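Scroll down for the structure; my scribbles are underneath it.
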Amino acid sequence: MTDDVVRALIVASRSAAFDARDEAAMRMANHLDDSGVRRRLVEMLDDPDIAVQVSAVESLATRGGRSGIEAILHNLGVRIDDPDADSMVGKLQELQGWERAPILQTARVLISEGTTPATERAIEELERLFGHYVEQKGLRRNYARDLQKWLRRITARRRPNLPQRTGSIYVQCAVFIPTIQNFVNHELSVEDFEAQYLRLVNDWPASLDPAVSGTVNQLFIDIDAFVSDEALRGCGDLDEQQLRLCAQDALSELIELQRR
């Protein structure tokens, strides 16, 4: 029975209909012990449809272990200048933010043990975009030391006149969405949300796209207008419920921007 399911999924993964391929990519996550399924999922990282690529990333990253994540990183490194690959980076950001897959932890182990130049390029991009999600002090000492050496080497190797990529709108939104969503869902206190959100804003390495910055900056202003003490709250100040509503609006706007 399992063999029949696997064969059916592989057939569906080659369908002319993108939604059939997309569903197959997601369902393949349950059959990654089959070498044919694993091979096909890696191939689907280059599917003509971006949504299928992202589904393949999710299946490999969450259920494919270290080899699955390594395959994704290698693919990203080869396609480092392909704008479509930004959607895959955004999915990795989301999986790391929700702690559904140890993307950065695995990437740092790969760096410490040695990997391909293409994989290194992908890891450099992930470290720049959301490396702060996993504190380096939490690594074993030799891993932290090797990581710092690698980051210094990469920085020195860059040509200073080359503009640094800041990621697509999809990736930029993905940086802020998990933290805002946690706050909206009452999984973060106001104090923790404020600290995390301000850190995200301050750590962003370059200018945001204007479409993203308008929403991000407005929420920054809303946070600044929050006053916890009702006796001190004046005209224009926000209470906790109002701030969460503002965060909900910002979340909806960022999700809508990702879909464009």
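When you read off a place in the sequence shown, starting at 1, and then add 446, the result is the number in my numbering. For each residue, glycine too, the CB sits at the ideal point set by N, CA and C. In this text, all values refer to a predicted model and were calculated from it rather than measured experimentally.
Rounded straight-line distance, which links the Cα of residue j to that of residue i
i, j, result
"residue 543", "residue 647", "16 Å"
"residue 687", "residue 488", "45 Å"
"residue 474", "residue 517", "16 Å"
"residue 505", "residue 624", "19 Å"
"residue 529", "residue 614", "7 Å"
"residue 576", "residue 546", "15 Å"
"residue 452", "residue 564", "31 Å"
"residue 448", "residue 495", "27 Å"
"residue 550", "residue 580", "7 Å"
"residue 556", "residue 478", "21 Å"
"residue 499", "residue 538", "12 Å"
"residue 456", "residue 571", "32 Å"
"residue 658", "residue 667", "15 Å"
"residue 512", "residue 554", "11 Å"
"residue 523", "residue 491", "12 Å"
"residue 493", "residue 527", "17 Å"
"residue 497", "residue 681", "46 Å"
"residue 661", "residue 653", "14 Å"
"residue 670", "residue 535", "31 Å"
"residue 683", "residue 696", "18 Å"
DSSP beta-bridge partners of residue i
i, result
"residue 684", "672"
Endpoints, the alpha helix (DSSP H) within which residue i is located
i, result
"residue 495", "Neither: residue 495 is in no alpha helix (DSSP H) and is coded neither H nor E."
"residue 548", "It is not in any alpha helix (DSSP H) - residue 548 carries neither H nor E in the DSSP assignment."
"residue 643", "636-649"
"residue 521", "511-524"
"residue 655", "Careful: residue 655 lies outside any alpha helix (DSSP H) and carries neither H nor E."
"residue 628", "615-630"
"residue 575", "563-576"
"residue 533", "531-543"
"residue 735", "This structure leaves residue 735 out entirely; the chain is present only between 447 and 706."
"residue 472", "464-473"
"residue 481", "481-489"
Exposure of residue i, with buried meaning 16 or more beta-carbon neighbours within 10 Å
i, result
"residue 605", "Annotation note: pLDDT 41 at residue 605 (below 50); position unreliable, coordinate value reported separately. Counting Cβ neighbours within 10 Å, residue 605 comes out exposed, since fewer than 16 surround it."
"residue 532", "buried"
"residue 467", "buried"
"residue 678", "exposed"
"residue 486", "buried"
"residue 691", "exposed"
"residue 649", "exposed"
"residue 720", "Past the boundaries of the shown model lies residue 720; the chain is included only from 447 to 706, so the question cannot be answered."
"residue 689", "buried"
"residue 463", "exposed"
"residue 635", "exposed"
Cβ contact check for the segment 671-685 and the segment 612-632: 3 or more pairs under 8 Å:
The segment 671-685 vs the segment 612-632: no contact.
Pairs of beta-carbons, one from the segment 697-705 and one from the segment 615-625, closer than 8 Å: are there three or more?
With contact defined as three or more Cβ pairs closer than 8 Å, the segment 697-705 and the segment 615-625 are in contact.
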